[in-house]
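Numbering (this note's numbering), first residue to last: 2 to 154. For each residue, glycine too, the CB sits at the ideal point set by N, CA and C. Quick caveat: nothing in here was measured; it's all calculated off a predicted structure.
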């Protein structure tokens, strides 16, 4: 959809111009509730202690019950991309931006996809130390985790 001048519509002009909104379910609702409270909580097995992402009702290692537990919110960029084109009009003003897999300090392999903020995309690299912050998602009632370099790029 474009305006009469060929420009993308303004954010908020219609629901399709907004970033995609999460759809919490019974398993993921505690994750979103923690973010709304300014906490990062990940799913963890109550029996063997394995951290799980994506969250599951039962542990994939021992089938034990899981629960959400707060994490420190620090980690390392494991992998990333620099997004130069917006697939949703709501992201046009953010270009270019970085989406990364952040490996959290709590466990090797515990990775969370998130945006990297507060740094020039050209300065992002694998191994960059980051810390979680929280940002409101435009157009909805959701807070998301974003990560910022701990000591600059």
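ask   = What's the C-alpha gap between residue 83 and residue 132?
value = For the purposes of this step, residue 83 is identified with residue 82 of the chain shown, where counting begins at 1. For the purposes of this step, residue 132 is identified with residue 131 of the chain shown, where counting begins at 1. Whole-angstrom Cα-Cα distance: 19 Å.
query = How is residue 36 classed by DSSP in three states: helix, strand or coil?
reply = As a working mapping, residue 36 is identified with position 35 in the chain shown. It is helical.
query = Could you give the C-beta distance for residue 139 and residue 91, rounded to a whole number, given that I count them as a contact under 8 Å?
reply = The sequence position of residue 139 within the chain shown is 138, counting from 1. The sequence position of residue 91 within the chain shown is 90, counting from 1. Indeed, because the Cβ distance is near 6 Å, the residues count as touching under 8 Å.
ask   = Would you report the Cα separation of residue 144 and residue 28, rounded to the nearest angstrom?
value = As a position in the chain shown, residue 144 is number 143, starting the count at 1. As a position in the chain shown, residue 28 is number 27, starting the count at 1. If you take the alpha carbons of residue 144 and residue 28, they lie about 17 Å apart.
inquiry  = Given this structure, state the Cα-to-Cα distance separating residue 25 from residue 33, to the nearest angstrom.
reply    = Against the chain shown, residue 25 aligns to sequence position 24. Against the chain shown, residue 33 aligns to sequence position 32. Answer to the nearest angstrom: the Cα atoms are 7 Å apart.
request  = Pick out whichever of 65, 88, 71 and 64 has its Cα sitting closest to the Cα of residue 146.
outcome  = Within the chain shown, numbered from 1, the residue matching residue 146 stands at position 145. Among 65, 88, 71 and 64, the Cα nearest to that of residue 146 belongs to 71.
ask   = Under 8 Å between the Cβ atoms of residue 136 and residue 117?
value = Numbered from 1 along the chain shown, position 135 holds the residue referred to as residue 136. Numbered from 1 along the chain shown, position 116 holds the residue referred to as residue 117. No, Cβ-Cβ distance for residue 136 and residue 117 is not below 8 Å.
query = Measuring CB to CB, does residue 85 end up less than 8 Å from residue 63?
reply = Sequence index remark: in the chain shown, residue 85 carries index 84 (1-based). Sequence index remark: in the chain shown, residue 63 carries index 62 (1-based). Contact: no.
query = Given that a residue counts as buried once 16 or more other Cβ atoms are within 10 Å of its Cβ, and exposed if not, what is residue 45?
reply = The residue given as residue 45 occupies position 44 in the chain shown. Counting Cβ neighbours within 10 Å, residue 45 comes out buried, since at least 16 surround it.
query = What three-state label does DSSP hand residue 119 in the structure shown?
reply = Taking the chain shown and counting its residues from 1, one reaches residue 119 at position 118. Of the three classes helix, strand and coil, the one that applies to residue 119 here is coil, per DSSP.
query = For residue 113 versus residue 105, is the C-beta spacing smaller than 8 Å?
reply = For the purposes of this step, residue 113 is identified with residue 112 of the chain shown, where counting begins at 1. For the purposes of this step, residue 105 is identified with residue 104 of the chain shown, where counting begins at 1. Taking 8 Å as the Cβ cut-off, residue 113 and residue 105 qualify as a contacting pair.
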